[in-house]
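Line order of the protein sequences matches chains H and B. Here the first sequence stands for residues 1 to 200, where the numbers follow this note's numbering. Here the second sequence stands for residues 1 to 200, where the numbers follow this note's numbering.
Number of protein chains: 2
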Amino acid sequence: MPEPVKFYFDFSSPYSYFASFKIDETCEGLGREVSWRPFLLGALFKITGAQPLNTVPMKGEYCENDWQRLGRYMNVPWTMPEAFPIATQATARTFYWLHDQDPALAKKFAKEAFMTYFGRGQDISSVDAVAELAAPLGVDHAALQAALSDDKIKQRLKDETQSAIDVGVFGAPYFIVDGEGIWGSDRMWMIRRWIERGGW
Amino acid sequence: MPEPVKFYFDFSSPYSYFASFKIDETCEGLGREVSWRPFLLGALFKITGAQPLNTVPMKGEYCENDWQRLGRYMNVPWTMPEAFPIATQATARTFYWLHDQDPALAKKFAKEAFMTYFGRGQDISSVDAVAELAAPLGVDHAALQAALSDDKIKQRLKDETQSAIDVGVFGAPYFIVDGEGIWGSDRMWMIRRWIERGGW
Chain H
1 MPEPVKFYFD FSSPYSYFAS FKIDETCEGL GREVSWRPFL LGALFKITGA QPLNTVPMKG
61 EYCENDWQRL GRYMNVPWTM PEAFPIATQA TARTFYWLHD QDPALAKKFA KEAFMTYFGR
121 GQDISSVDAV AELAAPLGVD HAALQAALSD DKIKQRLKDE TQSAIDVGVF GAPYFIVDGE
181 GIWGSDRMWM IRRWIERGGW
Chain B
1 MPEPVKFYFD FSSPYSYFAS FKIDETCEGL GREVSWRPFL LGALFKITGA QPLNTVPMKG
61 EYCENDWQRL GRYMNVPWTM PEAFPIATQA TARTFYWLHD QDPALAKKFA KEAFMTYFGR
121 GQDISSVDAV AELAAPLGVD HAALQAALSD DKIKQRLKDE TQSAIDVGVF GAPYFIVDGE
181 GIWGSDRMWM IRRWIERGGW
């Protein structure tokens, strides 16, 4: 059984949002599972010196136009959120909490979180906002709130972020296929090629 | 007659090197000329705060691997130059000097400069190095040397760089198709789509 492809992302990363629509179908047609791994991009930015894309002179304006046209091209909803970027601790912790109970549910939650934030432009940084978007998936508000205030889940997200850094993840989305790092939503073709060829 | 696609690049940009192999055939099959426009990336970096890719923590190592695998994938020579990045004033000024006499010769020169630097890993920053690589194209060493010491050609490159900045170029390679900016060697497909569809 080949290793799953790892999909590292931050819920506040527009290019991760676009990649999230394609990564599963790209890999599953090639016999690979995909392991979704949210982490905190902010921790990485401290190492690389990067800034949120929309705040970089010139590049910021370019990216806002690019996200709009990618939405049209991919035929997926795109709404530039007023709150951007946001803290994604609550969303990412919820993901791992759900993942330990039911990986498929965690993935559904992640898709719903992305759609709420970038599809409809709604802030998902608060625990209440996360609970609200998770409710239709059968996630209990009180249980979620209790889980998120537990130090264990806080540590878990720290550990996941550190693991990502340890394997070389420096941006999002970032994919690892059999140890090979591939960065960016523009490189889905490279994942496919790697799996088909087993390298270059 | 539709406007040419503008291809903005710096001779010290690896992703521009890779794009240079594909931009002409991508556009010409769609009935578009390509206007090659070297500029000085360093002037932009002062605005955007960007750093040479190989000096960014984590991203630097990733990119060095990425350039190797892109070379293999595209079946084009790749040698990481010991001197990187380099000053590209002499190369870019030579390009514009030749361009004013013979645009086709300027493009041939640009391809030879890229091949010398990234294909064979040889430093092309000095006037002598530029003269040497231009000689087989029939460019006279003394005439080149005289041209490059003229203030007019220095001003020309400054103006070209400022024009690039004025139209929003913030990195390289950067393409402009009918006013629409498209950044990166991963986005050649987007140029094609824009031309075929006349937009999104």
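Every residue, glycine too, gets a C-beta built ideally from N, C-alpha and C.
The Cβ atoms of H/LEU98 and H/PHE84 do not sit closer than 8 Å to each other. A Cβ-Cβ separation of about 6 Å places B/PRO14 in contact with B/PHE118 under the 8 Å criterion.
In this structure, DSSP gives H/TRP183 an extended state, which the three-state scheme calls strand. The shortest CA-to-CA distance from B/GLY168 to any of H/TYR62, H/ILE153, H/GLN68 is the one to H/TYR62.
Using a Cβ-Cβ cut-off of 8 Å, H/PHE95 does not count as an interface residue toward chain B, since no Cβ of chain B sits closer than that to its own. Residue burial annotation: B/ALA104 is exposed, with fewer than 16 other C-beta atoms found within 10 angstroms of its C-beta. Shown here, H/ILE195 sits in a helix according to DSSP, grouped into three states. By the rule that beta-carbons nearer than 8 Å mark a contact, B/GLY31 does not touch chain H.
Taking the C-beta atoms as reference points, B/VAL76 is found nearer than 8 Å to B/PHE21. A distance below 8 Å separates the beta carbons of B/ALA92 and B/PHE39. By the rule that beta-carbons nearer than 8 Å mark a contact, H/TRP183 touches chain B. Shown here, B/SER149 sits in coil according to DSSP, grouped into three states, outside any helix or strand. The stretch 118-133 of chain H and the stretch 31-50 of chain H do not touch, with fewer than 3 CB-CB distances between them shorter than 8 Å. With a cutoff of 8 Å on beta-carbon distance, H/MET80 and B/THR48 are scored as not near each other. Below the 9 Å Cβ cutoff, chain B contributes MET58, GLU61, TYR62 as neighbours of H/GLY168, in chain order. Within the stretch 66-86 of chain H, those residues whose Cβ lies closer than 7 Å to any Cβ of chain B are, in chain order, ARG69, ARG72, TYR73. H/ARG192 is the residue among H/LEU148, H/ASP10, H/GLN51, H/ARG192 whose C-alpha sits nearest the C-alpha of H/ASP178.
By the neighbour-count criterion, in which a residue is buried when 16 or more other Cβ atoms sit within 10 angstroms of its Cβ, B/ALA19 is buried. In this structure, the alpha-carbon of H/ASP186 lies about 32 Å from that of H/LYS154. By the criterion of a C-beta distance shorter than 7 Å, B/PHE95 is surrounded in its chain by PRO38, ALA106, PHE109, ALA110, once the five residues flanking it on both sides are discounted.
Interface annotation, H/ARG187: in contact with chain B, CB-CB separation under 8 Å. Remark: C-beta atoms of B/GLU112 and B/LEU137 approach each other more closely than 8 Å.
Taking a beta-carbon distance threshold of 8 Å, B/THR26 does not count as an interface residue toward chain H.
By the Cβ neighbour-count rule, B/ARG32 is buried, with 16 or more other Cβ atoms within 10 Å of its own. H/ASP151 is positioned such that its CB atom lies no closer than 8 Å to that of H/THR88.
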